[in-house]
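Asker: If you're matching them up, the sequences are chains C, H and Y in order.
Using this note's numbering, the first residue of the first sequence is number 24, and each one after it goes up by one.
Using this note's numbering, the first residue of the second sequence is number 21, and each one after it goes up by one.
Using this note's numbering, the first residue of the third sequence is number 80, and each one after it goes up by one.
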Amino acid sequence: MNQRITIVGAGIVGAACARALVRAGARVTVVEATFPGCGATAAGMGHVVVMDDSPAQLALTTRSRDLWHALAEELPAEAEWRRTGTVWVAADDDELAEATRKHELLAAAGVASRRLDAAALAAAEPNLRPGLAGGLLVPDDGVVYPPPVAAWLLTDAIRGGARVIRTAAVVSVAGDDLAPGCVRLADGRTLPGDAVVIAAGTATPQLVPGVPLRPRKGHLVITDRVPGFATHQLIELGYVKRAHDVGTDSVAFNVQPRATGQLLVGSSRQVDDDTRDIDAAMLERMIERCVGYMPGLARVSALRTWTGLRAATPDGLPLVGPWGAMPGVWLATGHEGLGITTSLGTAELVAHGLCGTPTALDPLPFLPARCGLPEVVSHG
Amino acid sequence: MAERATNAAQAPVRLTVDGVVVEAAAGTSVAAAILNRGGAAAWHVRRSVSGSARGPLCGMGICFECRATVDGLPHVKTCQLPVRPGMEVRTDG
Amino acid sequence: MAEQRTPAATDVLVIGAGPAGIAAACTAAEAGLRVDVIDDNPAAGGQIWRGGAPQATAWLDRLARSGASLHPATSVIDVVPREAGPPAVITRAADVSVWQARTIVLATGARERFLPFPGWTLPGVVGAGGLQALVKQGLEVRGRRIVIAGTGPLLLAVAELLVARGATVVAVAEQARLSRLIRFAAALVGHPAKLVQAAGIRRAIGPVLRTGTFPLAVRPEGDAVVVTLASGPSGRERRDDIPCDVVACGFGLVPNVEIARALGCDVHAGGITVDGFGATTVSGVVAAGECTGVGGVDKSLVEGRIAGLVAAGRRDQAGPMVREQRRWRRFAAALDEAFALDRRLAGLATADTVFCRCEDVVAGRLACHRSWREAKLMTRIGMGPCQGRVCGPAAETLFGWSPEDVRPPFSPVPLGDLS
Chain C
24 MNQRITIVGA
34 GIVGAACARA
44 LVRAGARVTV
54 VEATFPGCGA
64 TAAGMGHVVV
74 MDDSPAQLAL
84 TTRSRDLWHA
94 LAEELPAEAE
104 WRRTGTVWVA
114 ADDDELAEAT
124 RKHELLAAAG
134 VASRRLDAAA
144 LAAAEPNLRP
154 GLAGGLLVPD
164 DGVVYPPPVA
174 AWLLTDAIRG
184 GARVIRTAAV
194 VSVAGDDLAP
204 GCVRLADGRT
214 LPGDAVVIAA
224 GTATPQLVPG
234 VPLRPRKGHL
244 VITDRVPGFA
254 THQLIELGYV
264 KRAHDVGTDS
274 VAFNVQPRAT
284 GQLLVGSSRQ
294 VDDDTRDIDA
304 AMLERMIERC
314 VGYMPGLARV
324 SALRTWTGLR
334 AATPDGLPLV
344 GPWGAMPGVW
354 LATGHEGLGI
364 TTSLGTAELV
374 AHGLCGTPTA
384 LDPLPFLPAR
394 CGLPEVVSHG
Chain H
21 MAERATNAAQ
31 APVRLTVDGV
41 VVEAAAGTSV
51 AAAILNRGGA
61 AAWHVRRSVS
71 GSARGPLCGM
81 GICFECRATV
91 DGLPHVKTCQ
101 LPVRPGMEVR
111 TDG
Chain Y
80 MAEQRTPAAT
90 DVLVIGAGPA
100 GIAAACTAAE
110 AGLRVDVIDD
120 NPAAGGQIWR
130 GGAPQATAWL
140 DRLARSGASL
150 HPATSVIDVV
160 PREAGPPAVI
170 TRAADVSVWQ
180 ARTIVLATGA
190 RERFLPFPGW
200 TLPGVVGAGG
210 LQALVKQGLE
220 VRGRRIVIAG
230 TGPLLLAVAE
240 LLVARGATVV
250 AVAEQARLSR
260 LIRFAAALVG
270 HPAKLVQAAG
280 IRRAIGPVLR
290 TGTFPLAVRP
300 EGDAVVVTLA
310 SGPSGRERRD
320 DIPCDVVACG
330 FGLVPNVEIA
340 RALGCDVHAG
350 GITVDGFGAT
360 TVSGVVAAGE
370 CTGVGGVDKS
380 LVEGRIAGLV
390 AAGRRDQAGP
400 MVREQRRWRR
410 FAAALDEAFA
420 LDRRLAGLAT
430 ADTVFCRCED
440 VVAGRLACHR
450 SWREAKLMTR
460 IGMGPCQGRV
470 CGPAAETLFG
480 WSPEDVRPPF
490 SPVPLGDLS
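#1: Where do the N-terminal and C-terminal ends of the beta strand (DSSP E) with Phe293/Y fall, by residue?
#2: Between Arg408/Y and Lys378/Y, which are expected to be in contact by the criterion C-beta below 8 Å, what is the C-beta distance as a whole number of angstroms?
#3: What's the call for Gln134/Y, buried or exposed, on a 16-neighbour Cβ count within 10 Å?
#4: Could you tell me the alpha carbon to alpha carbon distance between Gly350/Y and Gly471/Y, rounded to whole angstroms?
#5: Which class does Thr36/H belong to by DSSP, given the choice of helix, strand or coil?
#6: According to a CB-to-CB cut-off of less than 9 Å, which residues of the segment 206 to 234 of chain Y neighbour chain H?
#7: How should Gln30/H be labelled, buried or exposed, when 16 other C-beta atoms within 10 angstroms of its C-beta is the threshold for buried?
#8: If I measure Cβ to Cβ from Gly315/C and keep anything under 8 Å in the same chain, skipping five residues before and after, which residues do I get?
#9: Let me see if you follow: with CB-CB separation under 7 Å, is Arg190/Y close to chain H or not?
#10: Quick check on the DSSP output: what are the complete beta strand (DSSP E) runs of length 3 or more inside the segment 353 to 403 of chain Y, in order along the chain?
#11: Any beta carbon of chain C sitting closer than 7 Å to that of Lys97/H?
#12: Once the 5 residues before and after Val71/C are set aside, which same chain residues still bring their CB inside 7 Å of it?
#13: Per DSSP, which residues does Lys240/C bridge with? Please list them.
#14: Just verifying my parser: in three-state terms, what is the DSSP assignment at Glu483/Y?
#15: Could you tell me which chain H residues have their CB closer than 8 Å to the CB of Asp119/Y, listed as they occur along the chain?
#16: Less than 7 Å between CB atoms is the rule here; does Ile35/C satisfy it with respect to chain Y?
#17: Return the bridge partner residues of Thr89/Y from the DSSP annotation.
#18: Leaving out five residues on either side along the sequence, give the residues of the same chain with a beta carbon under 7 Å from the beta carbon of Gly34/C.
#19: Count the other CB atoms, across all protein chains shown, that sit within 10 Å of the CB of Ala79/C; report buried if there are 16 or more and exposed otherwise.
#20: Output yes if chain C places a C-beta closer than 7 Å to the C-beta of Val494/Y; else output no.
#21: With DSSP as the reference, identify every bridge partner of Ile117/Y, one or two as the case may be.
#22: Among Ser313/Y, Ile338/Y, Arg298/Y, which one has its Cα closest to the Cα of Pro322/Y?
#23: My output table needs one value for Leu218/Y: the three-state DSSP class, helix, strand or coil.
#24: Ser324/C CB to nearest chain H CB: under 7 Å?
#25: I need the DSSP call for Phe489/Y, collapsed to helix, strand or coil.
#26: Jot down the residue ranges of each uninterrupted beta strand (DSSP E) in the segment 173 to 202 of chain C, minimum 3 residues, whole runs only, in chain order.
#27: Just confirm the distance between the C-beta atoms of Ile117/Y and Thr182/Y, as a whole number of angstroms; I'd bet it's less than 8 Å.
#28: Please compile the residues from chain H whose C-beta is within a distance smaller than 7 Å of the C-beta of Thr3/C.
#29: Here's a check: name, in chain order, each residue in its chain whose Cβ is nearer than 6 Å to the Cβ of Ser148/Y, leaving out the five neighbours to either side.
#30: Select from Gln179/Y, Ile227/Y, Gly383/Y, Val365/Y the residue whose C-alpha is nearest the C-alpha of Leu210/Y.
#31: Thinking C-alpha only, which one of His150/Y, Pro487/Y, Ala189/Y is nearest Asp174/Y?
#32: So which residues of chain Y does Arg16/H contact, with C-beta pairs closer than 9 Å?
#33: Kindly indicate which residue of Ser258/Y, Pro165/Y, Ala309/Y has the alpha-carbon position closest to the one of Leu92/Y.
#34: Roughly how many angstroms separate the alpha carbons of Pro482/Y and Trp451/Y, rounded to a whole number?
#35: How is the alpha helix (DSSP H) around Asp140/C delimited, first residue to last?
#36: With DSSP collapsed to three states, give me the class of His347/Y.
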C-alpha cells in the first residue's frame, strides 16, 4: 500500500493520523501552518474520557481510551499522562438517576464505573460542597498534556518515513487546476498525492467551503498549586445537558488536578465567537458555577486565563471520512471537546478508510455524508 | 540602620517564622525577616515544583520565589509584605 | 459577584510610584487634575528610592502635598478596551477596582535580567537589584561575605550600599571589559553629577572590582557557597573560586512593558515606543522612565514631568524638559552600549541547568524549538506565576526569541476575584 497522503494540520488529530497511516504503509506528508500542536490541541484540558452522549460517541471514546492506555507506557514524561479517573457529580436526584443510567450504559460497553452515594462522593472529593446527591466514578479515564503528545506522535511518524513541512499554509485542496489528492501551498508549491486528510480544526472551512463546522469558544483558568485539593477530573452530570445544544452559550463545572497540584478550571461554550479574547462575562459565569460546586476554589489563586476554539458539528460527532464534493479529500475534524481523547480512534478510522487496516469501530456514524449535505456545493 | 523604611523610633515587631519568634524593625519585609534568622538555611524559603530548595531572587515581586504561607494563606509574596505583629509565617524550608 | 468590582474614575491614572510616576503625578496634580497613583509595593519609591534617599524624601513630600492619591499594594490584573478613551484598568488591592482615566501614565520601571548558569537557583543566589531591594527592606548583611556579579552601574550601587551596611564585598565581577567602561566613564563627562557619584563608588569599591569577569557556577559548601568567576579571553579564561555567603547576580535591566503591550502599545527591544513627549502609540497612554528605555533616575524624573504636563494639556511648557530628556536618552544609549552582554554569557547554562524556575524546565530541553510560543507549549516555560518575566529575557539572550504577551490576570488573584 504505497498511497501518498498529505495531512493538513499537525495538531493531535493530524499527528495521530500521520502515525497510523505510516504504520499502514502509506507515504505521508504533514503540512502545518505554524508548528505542531499549537491550536486547539494546546488550549484544552487534555481529558481522556469516555462519553456516552450517543452510541457512536460511546464507541469512539471507549476504543480511543483503550488506545491511550496501550500508548501510555511509551509516552514521554512531558506528556504527563495520569490515570486520574473521572468523577461525574450529581447535584440532585435527577442527576443521580442519570448517573445510574450512565453506569449501566458504560457497563454494557465494558467500561468500568462505580456509583457513589453522597457519603462516598464526599469521601472521594472532600472539597465538593455538602448537599450533593452523589456521582459516578469512572476509574480508567485519564488526563494528559497534549502538545508534547502531538509532537511525539509526529516524531514517531517521521521515524516511519513521514515528511513534515512546518510554517507552510495550505491554500487549496481542490479546484480545476489541482488534481484530486494534491494540495497547493501559500508559496505556490503543489504537493502531489493520492489523498488529502484535513485535520485543520476550525480552519477547515477555509479549505472546504460548506463544511458544517462552527467554532465553539471555551475558557480555562489555571491555578497555583493546591496539592490534594482534588484527586479526579470532576465534571457535573449536567455537563451533557448544558453542552449539548450547539446553538447556545453555556458553562459547566469541570475541574482537573494536574500532577503539580495546580487545577485547571473550566468549562465554557460560546457559539460563533472565533476570537481568542477573554470574555469577562463568560469567565465570571464559569468561575461562579465552579465555586458553587467547590466553594474553596474562591480562595485559590488564579495564575492565568486563556481561550481555545473547538470545532463543532451539528450532531456532536466528528467528521471522519471522504468529503464527497472534493474527490480525494478526507476530513478528520469537528471533534468539539473530545479531540484529545478521540484523536487515536479517529486515526484508526482514517487508516482503515484509506489503507484498509482493521478497526472494530463502525465508520458510518462519522462519515461526512451523513449530514445530508448536497454533493456539490456552490460558493461565492 | 535608621532610615525611612525601618524606623528605629517604632517598637520592633514580633512575629513567628516556622514556630520561632523573631523580632523585626517596623517596616521590614517578611522576606527580610525570614532571611535575617541567619545562616544559609534561612534562605531556603520554598520548594520548586519538582522539590528543589529556593529562596528570594528579585526582591521586587516578580520572581515569586519568596513565597511563604502567611497567617494560613499559601503562596504569599513576602518581599512586598511588611511584617505585622503576631504574624505567623511558615516557609517550606 | 461582578458587582463587587468598584468603579473608579480619575483624570490621570499613574501606574508605578517610582521616580517617573511620582514626578508625573506631582506635575499633573499641581496643575489641578485628579491623579491616582497605583503601585504593587507597600510604599512609594519604586526600586531606586526604596527605603528612602534625600532626593526621594523631597519628591515624596511633594507628592503628599500635591493632592494626588497613592494606592500602594495594588496590582494591575487586566485591561479592558473602552469605546472612548484609553482602556479601563482593572486593579486589585483588598478588592477589585475598574479604573477609567482620561490619561494613563505608564511608569512601570524595569526589572533585572537573569541569565541561567549552574547553581543560579540555589538559595542564597539572588539578584543584584534583588539584594539591594532586600537590604532596603531590612535584610541585615553586617559581616556577610558577598560577591556581586553581572553587569551595569547597578552592581556598583549595590556594592556601595552593602559596604555602608557593614557587609564584606569580596568581589564585584563586571562582565564588560575595562576598555568599554573607560569609554563609558568618558561619556559621564557630560553628566558631572554622575561622574562624582562614580568617583565615590570607585573609591569604595575600586580594589574589588574585576572587569571582563563573569560567573561560571555556584555550588554549596557547608553553610555557605563558592562562586566560580571567569575572566580573560574566550577559551583561555582564568578561573577563580571564591567562598562567600551570598552571590548577588544581575545582567542589566529589562523594561517592564507587559501592561503597555496589554494596552496595545507598540514596544521595541529597549522599551515602550514613545515620541519626544512620552506619547505611546495608543491615544491617551503616555509612558515615562525606565520603561521607555533604561537611563537612570534623571531620565525618569524629566520624563515623568513631561508626562504630567502632557496629561494636564500643558505640552507647550515641556520644551526645556524635552531638551534635557534628550541628553538622558543619549546617556541611556551609552549605557546600553557600554554594558552589552558578552556572547559567552549566553552559553553558561548546561543542559541540566534550570531555565524556567516556575516550571523547573532545564535549558537542554529548549534548543530544539524555534520560537518562544513553541517552547512554551511544549515545555511549559512561561506558564508559571511569573509568566516568563524571569526566563523570558534569558530566552531572548540565549535563543533570540521574542516574548509573548502576559495573560490576565497579570498578577495572581484568588478565583473569587475573577467571578
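Backbone N, C-alpha and C define an ideal beta-carbon position, used for all residues, glycine too.
Since the model is a prediction, treat every value here as computed from it, not as a measurement.
Answerer: The short version:
#1: Judged by DSSP secondary structure, Phe293/Y falls within the beta strand (DSSP E) whose first and last residues are 292 to 300.
#2: Yes, Arg408/Y and Lys378/Y are in contact; Cβ-Cβ is about 7 Å, under 8 Å.
#3: So Gln134/Y ends up on the exposed side.
#4: The alpha-carbon atoms of Gly350/Y and Gly471/Y are separated by roughly 15 Å.
#5: Under the three-state reduction of DSSP output, Thr36/H falls in the strand class.
#6: Close to chain H, meaning a Cβ-Cβ distance shorter than 9 Å, are the following residues of the segment 206 to 234 of chain Y: Gly206, Gly208, Gly209, Leu210, Gln211, Ala212, Leu213, Val214, Lys215, Gln216, Gly217, Leu218, Glu219.
#7: So Gln30/H ends up on the exposed side.
#8: Cβ within range, chain order: Arg152, Phe276.
#9: Closer than 7 Å: yes.
#10: Contiguous beta strand (DSSP E) elements confined to the segment 353 to 403 of chain Y occur at 364 to 366, taking only those with 3 or more residues.
#11: The Cβ of Lys97/H sits no closer than 7 Å to any Cβ of chain C.
#12: Counting only Cβ-Cβ distances below 7 Å, and skipping sequence neighbours, we find Arg88, Trp91, Asp164, Gly165, Val166, Val167, Ile363, Thr364.
#13: Residue pairing for Lys240/C: DSSP places it in a beta bridge opposite Gln293/C, Leu332/C.
#14: Coil.
#15: Chain H residues near Asp119/Y: Gly81, Gln100.
#16: Answer no: the Cβ-Cβ gap between Ile35/C and chain Y never drops below 7 Å.
#17: Answer is Ala180/Y, bridged to Thr89/Y.
#18: For Gly34/C, where only same-chain residues beyond five positions count, the Cβ hits under 7 Å are Gly60, Gly62, Ala63, Thr64, Ala173, Ala222, Gly224.
#19: Flag for Ala79/C reads buried.
#20: It is worth fixing the name first, because residue 494/Y is Leu in this sequence and not Val. Yes, Leu494/Y counts as interfacial toward chain C.
#21: Its beta-bridge partners are Ile94/Y, His150/Y.
#22: Restricting attention to Ser313/Y, Ile338/Y, Arg298/Y, the CA atom closest to the CA of Pro322/Y is found in Arg298/Y.
#23: Correct three-state label for Leu218/Y: coil.
#24: Ser324/C counts as touching chain H.
#25: Looking at Phe489/Y - three-state DSSP - the assignment turns out to be coil, as it is neither helix nor strand.
#26: Counting only runs of 3 or more, we get 186 to 188, 193 to 195.
#27: About 14 Å; that fails the 8 Å criterion.
#28: The displayed coordinates of chain C run from 24 to 403. Any statement about residue 3/C would go beyond what the structure contains.
#29: The beta carbon of Ser148/Y sits closer than 6 Å to those of Asp115, all from its chain and outside the five residues before and after it, given in chain order.
#30: When each option's Cα is compared against that of Leu210/Y, the closest is Ile227/Y.
#31: The candidate whose alpha carbon is nearest that of Asp174/Y is His150/Y.
#32: Because residue 16/H is not part of the residues shown, which for chain H are 21 to 113, the question remains open.
#33: When each option's Cα is compared against that of Leu92/Y, the closest is Pro165/Y.
#34: Going by C-alpha positions, Pro482/Y is about 6 Å away from Trp451/Y.
#35: Secondary structure note for Asp140/C: it is in no alpha helix (DSSP H), and the uninterrupted beta strand (DSSP E) holding it is 137 to 140.
#36: In the structure shown, His347/Y falls within a strand segment according to DSSP collapsed to helix, strand and coil.
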